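In the numbering used here, the protein residues as written are 65 to 388.
So this is what it looks like as structure tokens:
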């Protein structure tokens, strides 16, 4: 869409591509790198984009500091003459100095900050609207159909990367407006004037906070009901307080049992840990098998299912019940 026919291999299912892989004819390959088990350290990118250093996978890394050091190792692997594009405010100043000294370029992006700066971010007609400027351009009234300030940041980073790769700036406005999103990322299952149902893969506190804030931004006067399935016992243990802080943004929080994935249960670690910390009068603990009964007699205005486990198996049953 920006004049570069790139190959792309991404983590989620792109609604524009109809999958997570597309083969292009140019030399450029867009890869969504994964920090889990440090697999991203096998890459030596020409351009690296970092929009977060949030600690996760502490069962692998051991500490937040180790997570940051791993990202710094990744950044140092940028090829000579390559570029680092990172969110303004991330603690990468020291490695940025190293990169510049070795002939690589460094740019930042952000909202009201950075070399690529999004500004005047707002919601208009259920779209994100914003301006974008850098040292070489100043664009007004860009449109993005994907809600939330975090997605404005994502769009800003993507534009910075496309321009850094030699993309044509006149094409970017249309590309942004035509972006349909990713499956299970603020995916509208039902979107009616009287009822909205959104499904999202959020399974880290920062992701929950962002997606709940996006829903508030889009539907400021409506009641938000969220169903969250925690993912991994270790993640629940390590981030229980942060999960609770994020989930307090809901009007009603419904917690399912922890999805264990690759882990065995840890004594004393369960969804009740989060519920106690939320300290919210409308927090409910239930199971997958009983969720439909819990939802049946509740007044739903905006419903969100949240999590990376098997909560997606409930999407169709919930949709069917809500649309009867």
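No residue lacks a Cβ here, since even glycine has one placed at the ideal position from N, Cα and C. In this text, all values refer to a predicted model and were calculated from it rather than measured experimentally.
- Message: In the DSSP output, which residue or residues are listed as bridge partners for residue 203?
- Response: As a first step, residue 203 is located in the chain shown; it is residue number 139 there, counting from the start. DSSP, once it has assigned bridges, lists 196 as partnering residue 203.
- Message: Relative to the C-alpha of residue 163, which candidate in 132, 321, 146, 120 has its C-alpha closest?
- Response: Walking along the chain shown from the start, residue 163 turns up at place 99. Restricting attention to 132, 321, 146, 120, the CA atom closest to the CA of residue 163 is found in 146.
- Exposure label - residue 101; buried when at least 16 CB within 10 Å: Taking the first residue of the chain shown as 1, we reach residue 101 at position 37. Exposed.
- Task: Please state whether DSSP places residue 135 in a helix, a strand or coil.
- Result: On the chain shown, position 71 is the one that residue 135 refers to. Taken through DSSP and simplified to helix, strand or coil, residue 135 comes out as helix.
- Based on Cα-Cα distance, which residue from 295, 366, 327, 345 lies nearest to residue 281? On the chain shown, residue 281 is found 217 positions in, with the first residue counted as 1. The closest CA to that of residue 281, considering only 295, 366, 327, 345, is found on 366.
- Query: Where does residue 252 land, buried or exposed, given buried means 16+ other C-beta within 10 angstroms?
  - Reply: Stepping through the chain shown from its first residue, residue 252 is reached at position 188. Exposed, by the Cβ-count rule.
- Query: Nearest to residue 223 by CA position, among 211, 212, 203, is which residue?
  - Reply: Here residue 223 is taken as the residue at index 159 of the chain shown, counted from 1. Nearest C-alpha to residue 223: 203.
- Query: Straight-line CA distance for residue 324 to residue 296?
  - Reply: Your numbering for residue 324 matches position 260 in the chain shown. Your numbering for residue 296 matches position 232 in the chain shown. Cα to Cα, the separation comes out at about 5 Å.
- Return the first residue and the last residue of the alpha helix (DSSP H) that residue 385 is part of. If you number the chain shown from 1, residue 385 lands on position 321. Residues 379-386.
- Taking three-plus beta-carbon pairs below 8 Å as touching, is the segment 242-256 in contact with the segment 283-300? At 8 Å Cβ cutoff, the stretches do not touch.
- Determine the burial state of residue 284: buried for a count of at least 16 other Cβ atoms within 10 Å of its Cβ, exposed for fewer. If you number the chain shown from 1, residue 284 lands on position 220. With fewer than 16 other Cβ atoms within 10 Å, it is exposed.
- Residues of its chain near residue 221, where Cβ-Cβ distance is below 8 Å and the 5 sequence neighbours each way are ignored: As a first step, residue 221 is located in the chain shown; it is residue number 157 there, counting from the start. In its chain, beyond the 5 residues on either side, 113, 115, 149, 151, 173, 180 have a beta carbon closer than 8 Å to the beta carbon of residue 221.
- In this structure, what does DSSP give as the bridge partners for residue 181? Counting from 1 along the chain shown, the entry for residue 181 is found at position 117. Its beta-bridge partners are 174, 197.
- Item | Own chain partners of residue 351 with C-beta closer than 7 Å, once the 5 adjacent residues on each side are dropped | Taking the chain shown and counting its residues from 1, one reaches residue 351 at position 287. 320, 321, listed in sequence order.
- Task: Under 6 Å Cβ to Cβ from residue 131, same chain only, skipping five residues before and after it: list those, please.
- Result: For the purposes of this step, residue 131 is taken as residue 67 along the chain shown, with counting starting at 1. If we look at residue 131 and ignore the five residues flanking it on each side, its Cβ neighbours are 119, 125.
- Item | Of the listed residues 140, 242, 127, 363, nearest to residue 302 (C-alpha basis) | Indexing the chain shown from 1 puts residue 302 at position 238. When only C-alpha atoms are compared, the closest one is 127.
- Message: Quick check on DSSP: helix, strand or coil for residue 188?
- Response: Working through the chain shown from its first residue, we reach residue 188 at position 124. Reduced to three states, the DSSP call for residue 188 is strand.
- Since residue 316 sits in a beta bridge, which residues does DSSP pair it with? Counting from 1 along the chain shown, the entry for residue 316 is found at position 252. Under DSSP, residue 316 shares a beta bridge with 289.
- Proximal residues to residue 97 (C-beta, below 7 Å), its chain only, five neighbours per side dropped: As a position in the chain shown, residue 97 is number 33, starting the count at 1. Counting only Cβ-Cβ distances below 7 Å, and skipping sequence neighbours, we find 104, 107.
- Task: Starting from residue 73, follow its DSSP beta bridges and name the residues at the other end.
- Result: For the purposes of this step, residue 73 is taken as the residue at position 9 of the chain shown. 85, 95.
- Item | Proximal residues to residue 265 (C-beta, below 7 Å), its chain only, five neighbours per side dropped | Residue numbering aside, residue 265 sits at position 201 when the chain shown is read from its first letter. Closer than 7 Å at Cβ, skipping near neighbours: 248, 249, 372.
- Do you know how far the Cα of residue 356 is from the Cα of residue 304? Here residue 304 refers to the residue found at position 240 when the chain shown is read from its first residue. Here residue 356 refers to the residue found at position 292 when the chain shown is read from its first residue. Their Cα atoms are separated by approximately 25 Å.
- Roughly how many angstroms separate the alpha carbons of residue 370 and residue 316, rounded to a whole number? Against the chain shown, residue 370 aligns to sequence position 306. Against the chain shown, residue 316 aligns to sequence position 252. Approximately 13 Å between the Cα atoms of the pair.
- Could you pull the start and end residues of the beta strand (DSSP E) that residue 263 belongs to? Taking the first residue of the chain shown as position 1, residue 263 is located at position 199. Residue 263: member of the beta strand (DSSP E) spanning 260-264, first to last residue.
- Pick helix, strand or coil for residue 252, following the three-state DSSP scheme. The residue labelled residue 252 in the question sits at position 188 within the chain shown. When DSSP states are grouped into helix, strand and coil, residue 252 belongs to the strand group.
- Item | Cβ separation of residue 182 and residue 194, assumed to be a contact under 8 Å, to the nearest whole Å | What you label residue 182 is simply residue 118 of the chain shown in a count that begins at 1. What you label residue 194 is simply residue 130 of the chain shown in a count that begins at 1. Going by Cβ atoms, the distance from residue 182 to residue 194 rounds to 5 Å, so yes, they are a contact pair.
- Inter-residue spacing [alpha-carbon to alpha-carbon] between residue 236 and residue 359: The sequence position of residue 236 within the chain shown is 172, counting from 1. The sequence position of residue 359 within the chain shown is 295, counting from 1. Answer to the nearest angstrom: the Cα atoms are 42 Å apart.
- Query: Where does the unbroken beta strand (DSSP E) through residue 296 begin, and where does it stop?
  - Reply: Numbered from 1 along the chain shown, position 232 holds the residue referred to as residue 296. Element bounds for residue 296: n/a, residue is neither H nor E.
- What are the boundary residues of the beta strand (DSSP E) that residue 356 is part of? In the chain shown, residue 356 corresponds to position 292, counting from 1. Counting along the chain, residue 356 falls outside any beta strand (DSSP E), though it belongs to the alpha helix (DSSP H) covering 355-360.
- List the DSSP bridge partners of residue 323. The count along the chain shown starts at 1 and reaches residue 323 at position 259. Residue 323 is bridged to 295.
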